[in-house]
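So for the sequence shown, the working numbering puts the first residue at -2; every next one is plus one.
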Amino acid sequence: MKIGIVLSSNDPEEVWSTFRFGNLSLKENHLVRVFLVNKGVEVEDIKSERFPVREQLRLFVENKGAILACGTCMKNRQKEESNFCPIATMKDLLEIVEWADRLLTFG
């Protein structure tokens, strides 16, 4: 199955749960694409001992999950593209919506 996820939160627990679900889906041989929008583009900056977001992000990328970040949201926060998360547009989000068999939102 092709699973699209839209993440619009920077809450450590919500982000951690989003990527735990994404990692489980990849492990079960599904294709997963995540689009970060609004506060979701801040996921790399999250530091939490209770919810190890960075570890889940690392596993997601290692397991061939795809992450895109809204360019306008990044610009509004004066953030730049990262190695694991390229800048994208609303057209890219539309492509994920059209591509996915199921679309989930978190945040």
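Glycine is no exception: its CB is placed at the ideal position from the N, C-alpha and C atoms.
Report yes or no: is there a C-beta of chain C within less than 8 Å of the C-beta of residue i?
i: residue 98; result: Any reference to chain C falls outside this structure, which holds one protein chain only.
For residue i, which residues in the same chain have their Cβ closer than 8 Å to its Cβ, ignoring the five residues on either side in sequence?
i: residue 85; result: 32, 65, 66, 67 and 68
i: residue 78; result: 66, 71 and 84
Measuring only the C-alpha atoms, how far is residue i from residue j?
i: residue 29; j: residue 7; result: 20 Å
i: residue 97; j: residue 27; result: 11 Å
i: residue 90; j: residue 16; result: 18 Å
i: residue 144; j: residue 80; result: With the chain represented from -2 up to 104, any question about residue 144 goes unanswered, as that position is not in the structure.
Excluding the five sequence neighbours on either side, which residues of its own chain have a C-beta within less than 7 Å of the C-beta of residue i, listed in chain order?
i: residue 19; result: 2, 29, 31, 57 and 62
Starting from the C-beta of residue i, find all residues in its chain whose C-beta is less than 6 Å away, skip the five residues before and the five after it, and write them out in chain order.
i: residue -2; result: 27 and 98
i: residue 82; result: 64 and 66
Would residue i be called buried (16 or more neighbouring beta carbons within 10 Å of its own) or exposed?
i: residue 11; result: buried
i: residue 53; result: buried
i: residue 4; result: buried
i: residue 45; result: exposed
i: residue 40; result: buried
i: residue 94; result: exposed
Can you tell me which of the three DSSP states residue i falls into?
i: residue 67; result: strand
i: residue 34; result: coil
i: residue 1; result: strand
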